[in-house]
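Per this note's numbering, residue 200 is the first one in the sequence shown, and the count goes up by one each step. Even for Gly, the Cβ is constructed at its ideal location relative to N, Cα and C. Quick caveat, the model's predicted, so the values are computed rather than measured. The next block holds one structure in the form of structure tokens; read it before the comments.
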Amino acid sequence: LLAAAGLRQGLRRSAHLTGAELAGYLVSISLWGICFTHASQSLSWLPNVLRLASSLYLAWLAVRLWLTANSIETSAASVVTARTLLSATVLNPKAILFAGSIFPPAAFASFTAWLEAMAIFTCLLIPIGLAWIAIGAAPRNGRLPFVRPALFQRCASLVVAAFSVSLMWALAR
């Protein structure tokens with residue numbers, strides 16, 4: 200959605216969408232993290248099942264990113280609003296991945312630990328979100344004609360696939 204917004208609306212008019220994405224992730228990661236922290240106390244197998252499900256989801260996402268790389272430019276048919284992005288992010292299964300596999304359980308044990316984890320997440324999310332918007336906007340503004348969103352998305356697909364494999368490897372060990 201961020202790349203599509205960049206293509207349709209440009210970088211400047213889409214930059215605020217990273218705030219909506221951040222808000223959506225903060226809400227959903229926090230809720231899932233609290234649920235998983237409490238549930239894993241009585242269900243000791245839950246963290247491993249979540250990691251397996253997360254790695255399978257990432258593998259599926261990597262394939263989907265690869266296969267849809269050429270459709271970025273056609274997916275920008277309508278304006279992406281903050282409300283649309285917030286809703287999509289709150290409902291995005293990646294929040295389950297973050298809460299169950301990437302964030303340590305300690306991040307949901309106290310407010311201080313949560314605040315620290317979310318501050319680090321924010322410092323990573325904002326520039327990555329802006330990069331997706333900029334990649335989407337690149338062909339629109341003509342300033343970087345050599346930047347092809349499809350190639351960038353395929354590279355992102357490979358990174359996601361590598362992360363999926365690393366999660367599976369960690370589970371197998």
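If you compare alpha carbons, which of the options is closest to residue i?
i	options	result
Ala298	Ala369, Leu206, Phe362 and Ala316	Ala316
Trp368	Asn247, Pro338 and Arg207	Asn247
Ala360	Val262, Thr267, Ala204 and Tyr224	Val262
Lys321	Asn291, Gly223 and Thr280	Note on residue identity: the sequence assigns Thr, not Lys, to residue 321. Of the listed residues, the one whose Cα sits closest to Thr321 is Gly223.
Gly218	Leu324, Arg207, Trp259 and Trp244	Leu324
Phe351	Val226, Val364 and Leu264	Leu264
Thr280	Arg207, Leu257, Ala238 and Ile319	Arg207
Phe345	Arg353, Ile334 and Cys354	Ile334
Val269	Ser356, Trp259, Leu284 and Ala214	It is worth fixing the name first, because residue 269 is Asn in this sequence and not Val. Nearest of Ser356, Trp259, Leu284 and Ala214 to Asn269, Cα basis: Ser356.
Leu290	Phe362, Glu220 and Arg372	Glu220
Ala238	Tyr256, Ala202 and Ala308	Ala308
Could you please give the first and the last residue of the uninterrupted alpha helix (DSSP H) stretch that includes residue i?
i	result
Arg211	Leu210 to Ser213
If residue i sits next to residue j, beta carbons under 8 angstroms apart, how far is it from one beta carbon to the other, in whole angstroms?
i	j	result
Ala330	Leu210	Not quite, the Cβ-Cβ distance comes to about 10 angstroms (not below 8 angstroms), so this is no contact.
Ser227	Ala312	About 18 angstroms; that fails the 8 angstroms criterion.
Ile232	Ile332	The residue asked about is misnamed: residue 232 is Gly in this sequence, not Ile. Between Ile332 and Gly232 the Cβ distance is about 27 angstroms, and since that is not below 8 angstroms, they are no contact.
Leu370	Leu251	6 angstroms
Ser300	Ser253	4 angstroms
Next item on the list: Counting only runs of 4+ residues fully inside the segment 237 to 312, write out the alpha helix (DSSP H) ranges in chain order.
Entry: 245 to 266, 281 to 289 and 293 to 296
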